[in-house]
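Comments concern the structure below.
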Amino acid sequence: MALSYDDASVFLGSCKLKTAAEDFSVVQPFEIRSGVEQRVPFLFNSPHSGRYYPERFLAMARLDRNAIRRSEDCYVDELFGGAVALGAPMLAANFPRAYLDVNREPWELDPRMFAEPVPSFCNIRSARVAGGLGTVPKLVGEGLDIYSGRLPLAEAVARIEAVYKPYHETLKRLLTRTHARFGFAVLIDCHSMPASIRVGDSGLRPDFIIGDRFGISATAALTETAIGLLTAMGYTVAHNKPYAGGFITEHYGRPARHLHALQIEVNRGLYMNERTFEKVAGFDALADDLTRFSADLMAMPDHHFIDLPLAAE
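For the sequence shown, our numbering begins at 34 and goes up steadily by one.
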């Protein structure tokens, strides 16, 4: 169901927000990492690599400190961190994905999770909600329930108001500023995927998956260049399957307006032990490769992002 902002305002005014804002009174929920000056029209985003788990949240969860990390895109912000020194800012989450998923619509909620009925403007029928992976997730990776019982609806509202909305306001502001300065903006949305992921009948295990919402969120030149650069480095690369990009890629990618968004999924088996969450020997080499990849991607001529057919969107 489509979100009605009038309905949302009435609902929020009647719903007392709890203590989600206090969860990040010591550690900020997210941060902008940047050099002295932005030198390129690229912005990197790492929305799922947050690893600060508030004690209040852990007390609500039925999972231990290791199990609850199963959905975390561990160290992705570090893998792509070399882009900052190249002049591109990075927006990085400190809050964990199990707590709140900003790669969802703002009100993509599972009514089975809450003690009270969710408001009518919520999207309760998406495939992501059905899979337990809404804005406030029900599950972590491997299908583990996060909570033993239902949550107060006000808990979800508080997380959305205190963390989700400020995160997207910041992301939008960074993109708007980039577009105004350079005439276009390119968002690289950085993620990781389990090593168990296979593609197609061949059972190929890709090292990377490039997602552009099936050609909707970015110019084809950006997608083709990204795939070509990684392939030339010796990596196996899939395109859009099984990950074509989530809400962030879909929402912010508007090529006809010179706003391009590309999702990059990195296979965790390349750089970490998925059981212990420890980095493996190949971590530094992969990070170096991704810095070279970022530099080459950012060297693409401007005309690829501006001189587009009218039917690009």
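Idealized CB from N, CA, C, for every residue including glycine.
Are Met-146 and Phe-77 close, meaning C-beta to C-beta below 7 Å?
Numbered from its first residue, the sequence shown carries residue 146 at position 113. Numbered from its first residue, the sequence shown carries residue 77 at position 44. No, the pair does not count as a contact, with Cβ atoms beyond the cut-off.
If you run the structure through DSSP and keep just helix, strand and coil, what is Ser-225?
Reading the sequence shown from its first residue, position 192 is the one you call residue 225. In the structure shown, Ser-225 sits in a strand (DSSP, three-state: E or B).
Note down, in chain order, each residue of its chain lying with its Cβ closer than 6 Å to the Cβ of Ala-271, except the 5 sequence neighbours on either side.
For the purposes of this step, residue 271 is taken as the residue at position 238 of the sequence shown. Result list for Ala-271: Val-232, Pro-239 and Ile-242, in chain order.
DSSP three-state assignment for Ser-327, whether helix, strand or coil
Here residue 327 refers to the residue found at position 294 of the sequence shown. Residue state, collapsed to three classes: helix.
Minimum C-alpha distance to Pro-80 - residue among Ile-157, Thr-52, Gly-68 and Asn-136:
Residue numbering aside, residue 80 sits at position 47 when the sequence shown is read from its first letter. Nearest option by C-alpha distance: Asn-136.
Is Val-116 near Ser-250, with beta carbons less than 7 Å apart?
As a first step, residue 116 must be located in the sequence shown, where it is residue number 83. As a first step, residue 250 must be located in the sequence shown, where it is residue number 217. It should be noted that the sequence gives Ala, not Val, for residue 116. Cβ atoms of Ala-116 and Ser-250: not closer than 7 Å.
Going along the chain, which unbroken runs of the alpha helix (DSSP H) with 4 or more residues stay wholly within the stretch 229-306?
Counting only runs of at least 4 residues, the stretch 229-306 fully encloses the following alpha helix (DSSP H) elements, listed from N- to C-terminal order: 253-265 and 280-285.
Suppose you measure from the CA of Ala-195 to the CA of Arg-161; what does that come to, to the nearest Å?
Here the question's residue 195 lines up with position 162 in the sequence shown. Here the question's residue 161 lines up with position 128 in the sequence shown. Those two C-alpha atoms are separated by around 22 Å.
Mind pulling the beta strand (DSSP E) runs of 3 or more residues that sit fully within the stretch 83-113?
Complete beta strand (DSSP E) runs here, min 3: none at all.
When burial is assigned at 16 or more other CB atoms within 10 Å of the CB, is Val-313 buried or exposed?
Here residue 313 corresponds to residue number 280 of the sequence shown, with the count starting at 1. Exposed, by the Cβ-count rule.
CB of Glu-64 within 7 Å of CB of Ala-125, strictly:
Here residue 64 refers to the residue found at position 31 when the sequence shown is read from its first residue. Here residue 125 refers to the residue found at position 92 when the sequence shown is read from its first residue. Yes; because the gap between Cβ atoms is below 7 Å, this pair is in contact.
Residues that Phe-147 bridges to, as DSSP identifies them:
Working through the sequence shown from its first residue, we reach residue 147 at position 114. According to DSSP, which records beta bridges pairwise, Phe-147 is partnered with Leu-184.
Three or more C-beta pairs under 8 Å: does that hold for the stretch 318-335 against the stretch 258-278?
yes
Enumerate in chain order the residues of its own chain whose CB-to-CB distance from Ser-225 is below 6 Å, with the five nearest sequence positions on each side excluded.
Position 192 of the sequence shown, counted from the start, is the residue given in the question as residue 225. Closer than 6 Å at the Cβ level, and outside the excluded window around Ser-225, lie Asp-106, Val-109, Val-299 and Arg-301.
Of the choices Ala-187, Ala-294, Asn-99 and Leu-207, whose alpha-carbon is the least far from that of Glu-70?
Taking the first residue of the sequence shown as 1, we reach residue 70 at position 37. Measuring from the Cα of Glu-70, the nearest candidate turns out to be Leu-207.
When you compare only the Cα positions, how much space is there between Pro-288 and Thr-209?
Counting from 1 along the sequence shown, the entry for residue 288 is found at position 255. Counting from 1 along the sequence shown, the entry for residue 209 is found at position 176. Cα to Cα, the separation comes out at about 14 Å.
Can you find at least 3 beta carbon pairs, one from the stretch 276-288 and one from the stretch 303-313, that sit closer than 8 Å?
no
Bridge partners for Ser-153 per DSSP, in chain order?
Against the sequence shown, residue 153 aligns to sequence position 120. Beta-bridge pairing links Ser-153 to no other residue.
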